[in-house]
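A.B. asks:
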Amino acid sequence: MQKSEKKYIEILGDTVHPIHVTVSIILCATFSLTGFLAGKRLFPAIADEKMILSYSLLLGIGSGLAATLIAALLFRPKRFLIESTASPEEIEAILHDMQIDPSEEADMIQKDAVTRKEMEELGISHIFVGKGDRSS
Amino acid sequence: MSVLLISLLLAIIGGIIFSIIGLISGTDETATLVPFTLIVVLLGTPPEAVFAFFMSAILAKHLTHAIPTALMGVPGDTMAVPLLDHAAALRRIGVPHVALRKMVSGGVLAAFIALPVSLAFAQLLAGFSDLFKESAGVIFTVAAVIIAYFSKGRYVSIVLILPLAMLMQSLNLMAFDNLGKNLSISFFLGIAIGPMFADMMFALSSSARQSLLRDRPKEYHLAPEVRSWSGYFPNPFRVLTKRQTAYTSGAAFLSSLTFAFSPVGMTSLFGEATAARTRGLYKKSTTSLSVMNGVTESTYIAETVIPLVAFGIPLSPVALGPAAALFNAPPVFTSDPVHNLHSLLSVWDFLIYGLLGMIVAFLIAYPFTMNYARKATVWVMKNISHEAIIGMFMGLVAVLAFYEGELVGILVTFAVATVGGLLNRILGMGSGVQFMVFYGSSWMLAQIVG
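Top line first, the protein sequences correspond to chains F and E.
Numbered per this note's numbering, the first sequence spans residues -4 to 131.
Numbered per this note's numbering, the second sequence spans residues 157 to 606.
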């Protein structure tokens, strides 16, 4: 195992930095609980008695969300966004890959008036027609 | 403020928050909906507004979860997993926007069919409601066994029902000794965040960490912008062909009558049935996607509404997971004895406020999805780190558990998250089973220990 370069961990399907996620959790939990406890101290002076807990909860949640914002500003996402555009050749390869014969598919669409009209309206009727016939 | 105004306001808030959450791939419904619904309930919101909030939230989330699914091939949440194959086919041939439009339109159509159908069906079932309420303990236990059998872990989930029930009751006893009251929010928050918590524990373990280590950030492939309409957004009922409308409506109707099965399972089932009846890649994929996203909406609505309106006790996977707080949010709502939306709202309230929530969600999420899907995805991917999202949920959970039981509440939540999360991740004992075990645990132990 080469352990030197593996600095990310995957939690719930996305990559995070271990230290960043720890700091973020501590930050949010501290803010939320502090907000709630502060609310329990402050609100008895200004609010109706049976609303104190609810208002405090709201304050706790509000400060938790503020902490989330801070965490979002402090820690940038660890993701690569790759924009992929498929060229007509690639589309043909993909169709081949999916074991679909473009001409058969085009034929089927030609015979189906509803689908043909829909694809024409969307400007995507070229997809199955093959190379050289790209009008959109 | 009048109830109607509060409902409208909360529906707007729910629609906006969950439109955004839908965009964030991989956000689990239970972990997101339970804390937010709890907050709304505990703040003393009128029951009508709670329901409007919930309906708006689920519709909005299921419309925007189509965005990462269509544009990046990453499921927006677990419900979107069965849609991936067809969405990927359309994305690869360069028409992800068509996939998106079909999904979103199917979802909207199905949602508006599902609410009245499931309400009517709930009325039929309500005749048995007293029977159900009196024997809630037995029902939860039997249901736990059935759900366990269908969970990923199957036999191990059945074998572990009793030990887990005992563990939860002991924790509850400990909490009662310290606080003089029973806890329940802390328990189901623990169950809800279990899987996320398990990942974190793996990360902290020097022996288990290897499986989670990555040498570089995760890659997302985003399809290019293709916009074939400008300035307006298309009428959802014109996006679908007549045949797609008919299939989606039929599937929505049928799936609204099934409330005890897994929504993901139902979605796959109806999707496969549609695909088998349709020829041609383009037509097959677009038709299946409309039907499947429709079924994700209709099963969700039916599984929430039917148990809620007919019995008031959570008897479906959705009612036990994402909708749990509508049934049980002590001290405001309890399901044993039944004192929740079931007893507080009439069928007409459910229909009116449910429709209100859904219309609001539609007005927010639909134009948003149609016009800003790609821009919003890029923005979220580039600006909202996963660290911040995990932090937010841990913060919410901490404050809610503390609200219910101070430090004891937090300890109970993390104890349950530890055990539940590991059982879930390693042994395949899903959250649904764990929720059922929690609900049935006092009855089970009363029968055995006395």
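Think of the CB as a built atom: it goes at the ideal place given N, C-alpha and C, for glycine as much as any other residue.
Remember, it's a predicted structure, so these values are computed and weren't measured experimentally.
Going by Cα to Cα distance, which pick from F:Arg74, F:Met46, F:Asp102, F:Leu32 is closest to Lys538 of chain E?
C.D. replies: Reading the second sequence from its first residue, position 382 is the one you call residue 538 of chain E. Taking only the C-alpha atoms, the option nearest Lys538 of chain E is F:Arg74.
A.B. asks: Do Ser411 of chain E and Thr460 of chain E count as a contact pair if the criterion is CB distance below 8 Å?
C.D. replies: If you number the second sequence from 1, residue 460 of chain E lands on position 304. If you number the second sequence from 1, residue 411 of chain E lands on position 255. For Thr460 of chain E and Ser411 of chain E, no; Cβs fall outside 8 Å.
A.B. asks: Could you pull the DSSP bridge partners for Val494 of chain E from this structure?
C.D. replies: Within the second sequence, the letter at position 338 stands for residue 494 of chain E. According to DSSP, Val494 of chain E bridges with E:Ser491.
A.B. asks: Are there any heavy atoms of the ligand MN lying less than 7 Å away from the beta-carbon of Ile6 of chain F, as far as the coordinates show?
C.D. replies: You won't find the ligand MN in this model; it holds no ligand whatsoever.
A.B. asks: Check for me: the beta strand (DSSP E) holding Ile295 of chain E runs from which residue to which?
C.D. replies: As a first step, residue 295 of chain E must be located in the second sequence, where it is residue number 139. Counting along the chain, Ile295 of chain E falls outside any beta strand (DSSP E), though it belongs to the alpha helix (DSSP H) covering 292 to 306.
A.B. asks: Does Pro493 of chain E get closer than 8 Å to chain F when you measure Cβ to Cβ?
C.D. replies: Position 337 of the second sequence, counted from the first residue, corresponds to residue 493 of chain E. Output row for Pro493 of chain E: interface = no.
A.B. asks: Using a C-beta cutoff of 8 Å, does Asp43 of chain F count as contacting chain E?
C.D. replies: Counting from 1 along the first sequence, the entry for residue 43 of chain F is found at position 48. Not one chain E Cβ lies under 8 Å of Asp43 of chain F.
A.B. asks: Quick check on Leu393 of chain E: buried or exposed, where buried means 16 or more other Cβ atoms within 10 Å of its Cβ?
C.D. replies: Counting from one through the second sequence, the residue named residue 393 of chain E turns up at place 237. This sequence places Phe at residue 393 of chain E; Leu is not what is there. Answer is exposed; the Cβ neighbour count stays below 16.
A.B. asks: Could you pull the start and end residues of the beta strand (DSSP E) that Phe75 of chain F belongs to?
C.D. replies: Position 80 of the first sequence, counting from 1, holds the residue named residue 75 of chain F. First-last of the beta strand (DSSP E) with Phe75 of chain F: 74 to 78.
A.B. asks: My output table needs one value for Arg370 of chain E: the three-state DSSP class, helix, strand or coil.
C.D. replies: As a first step, residue 370 of chain E is located in the second sequence; it is residue number 214 there, counting from the start. Note: Arg370 of chain E maps to strand in three-state DSSP.
A.B. asks: Which bits of chain F does Tyr438 of chain E rub up against, with CB to CB less than 8 Å?
C.D. replies: By one-based count along the second sequence, residue 438 of chain E stands at place 282. Neighbours of Tyr438 of chain E on chain F, chain order: Glu100, Ile104, Thr110, Met114, Ile122, Phe123.
A.B. asks: Name the residue from E:Phe426, E:Thr401, E:Leu556, E:Ile604 whose alpha carbon lies nearest to the alpha carbon of Ala187 of chain E.
C.D. replies: Here residue 187 of chain E refers to the residue found at position 31 when the second sequence is read from its first residue. Closest by alpha carbon: E:Leu556.
A.B. asks: Less than 8 Å between CB atoms is the rule here; does Gly34 of chain F satisfy it with respect to chain E?
C.D. replies: Start at 1 with the first residue of the first sequence, and residue 34 of chain F comes out as number 39. It does not: the Cβ of Gly34 of chain F has no partner Cβ on chain E nearer than 8 Å.
A.B. asks: Label His542 of chain E either buried or exposed according to how many other C-beta atoms from any shown protein chain fall within 10 Å of its C-beta, with 16 as the threshold for buried.
C.D. replies: Counting from one through the second sequence, the residue named residue 542 of chain E turns up at place 386. Buried: at least 16 other Cβ atoms inside 10 Å.
A.B. asks: Exposed or buried, which one is His242 of chain E when buried takes at least 16 other CB atoms within 10 Å?
C.D. replies: The residue you call residue 242 of chain E lines up with position 86 of the second sequence. Buried, because 16 or more other Cβ atoms sit within 10 Å of the Cβ of His242 of chain E.
A.B. asks: Check Asp96 of chain F in the structure and name its three-state DSSP category.
C.D. replies: Start at 1 with the first residue of the first sequence, and residue 96 of chain F comes out as number 101. Note: Asp96 of chain F maps to coil in three-state DSSP.
A.B. asks: Candidates E:Ser472, E:Ala480, E:Phe506, E:Tyr438: which alpha carbon is nearest Asp102 of chain F's?
C.D. replies: Residue numbering aside, residue 102 of chain F sits at position 107 when the first sequence is read from its first letter. That would be E:Tyr438, whose Cα lies nearest to the Cα of Asp102 of chain F.
A.B. asks: For Ile122 of chain F, does the three-state DSSP call read helix, strand or coil?
C.D. replies: Counting from one through the first sequence, the residue named residue 122 of chain F turns up at place 127. Note: Ile122 of chain F maps to coil in three-state DSSP.
A.B. asks: Counting pairs of Cβ atoms below 8 Å between the segment 256 to 273 of chain E and the segment 416 to 427 of chain E, do you hit three or more?
C.D. replies: The segment 256 to 273 of chain E vs the segment 416 to 427 of chain E: no contact.
A.B. asks: Does the beta-carbon distance from Met324 of chain E to Leu476 of chain E come in below 8 Å?
C.D. replies: As a position in the second sequence, residue 324 of chain E is number 168, starting the count at 1. As a position in the second sequence, residue 476 of chain E is number 320, starting the count at 1. Cβ atoms of Met324 of chain E and Leu476 of chain E: not closer than 8 Å.
A.B. asks: Using 10 angstroms around the beta-carbon of Ile367 of chain E, count the other beta-carbons present and answer buried if the total reaches 16, otherwise exposed.
C.D. replies: Walking along the second sequence from the start, residue 367 of chain E turns up at place 211. This sequence places Ser at residue 367 of chain E; Ile is not what is there. When all chains shown are included, Ser367 of chain E counts as exposed.
A.B. asks: Gly576 of chain E and Gly346 of chain E - do their beta-carbons sit closer together than 8 Å?
C.D. replies: For this step, residue 346 of chain E is matched to residue 190 along the second sequence. For this step, residue 576 of chain E is matched to residue 420 along the second sequence. Closer than 8 Å, so yes.
A.B. asks: Opposite Val11 of chain F in the DSSP bridges: which residues?
C.D. replies: For the purposes of this step, residue 11 of chain F is identified with residue 16 of the first sequence, where counting begins at 1. DSSP lists F:Ile4 as partners of Val11 of chain F.
A.B. asks: Contact check, Leu52 of chain F vs Leu281 of chain E under 8 Å by CB: the rounded distance?
C.D. replies: Residue 52 of chain F sits at position 57 when you count from the first residue of the first sequence. Residue 281 of chain E sits at position 125 when you count from the first residue of the second sequence. With 8 Å as the limit, Leu52 of chain F and Leu281 of chain E do not qualify as a contact, their Cβ atoms being about 35 Å apart.
A.B. asks: Taking the Cβ atom as the reference point for each residue, do Ala216 of chain E and Ile162 of chain E lie within a distance shorter than 8 Å?
C.D. replies: For the purposes of this step, residue 216 of chain E is taken as residue 60 along the second sequence, with counting starting at 1. For the purposes of this step, residue 162 of chain E is taken as residue 6 along the second sequence, with counting starting at 1. No.
A.B. asks: Since Tyr376 of chain E sits in a beta bridge, which residues does DSSP pair it with?
C.D. replies: As a position in the second sequence, residue 376 of chain E is number 220, starting the count at 1. Its beta-bridge partners are F:Leu76.
A.B. asks: Who are the Cβ neighbours of Arg129 of chain F in its own chain at under 6 Å, not counting the five residues just before and after it?
C.D. replies: Here residue 129 of chain F corresponds to residue number 134 of the first sequence, with the count starting at 1. Its pLDDT being 39, under 50, Arg129 of chain F is placed unreliably in this model, and the coordinates cannot settle the point.
A.B. asks: Taking the CB atoms as reference points, tell me whether Phe483 of chain E and Pro470 of chain E lie closer together than 8 Å.
C.D. replies: Working through the second sequence from its first residue, we reach residue 483 of chain E at position 327. Working through the second sequence from its first residue, we reach residue 470 of chain E at position 314. Result yes, Cβ atoms of Phe483 of chain E and Pro470 of chain E sit closer than 8 Å.
A.B. asks: For the candidate residues E:Val534, E:Met600, E:Tyr403, E:Leu578, whose alpha-carbon lies nearest to that of Ile77 of chain F?
C.D. replies: Counted from its first residue, the first sequence places residue 77 of chain F at position 82. Among E:Val534, E:Met600, E:Tyr403, E:Leu578, the Cα nearest to that of Ile77 of chain F belongs to E:Val534.
A.B. asks: Report the residue from E:Leu552, E:Gly229, E:Leu339 whose alpha carbon sits nearest the alpha carbon of Gly565 of chain E.
C.D. replies: As a first step, residue 565 of chain E must be located in the second sequence, where it is residue number 409. The candidate whose alpha carbon is nearest that of Gly565 of chain E is E:Leu339.
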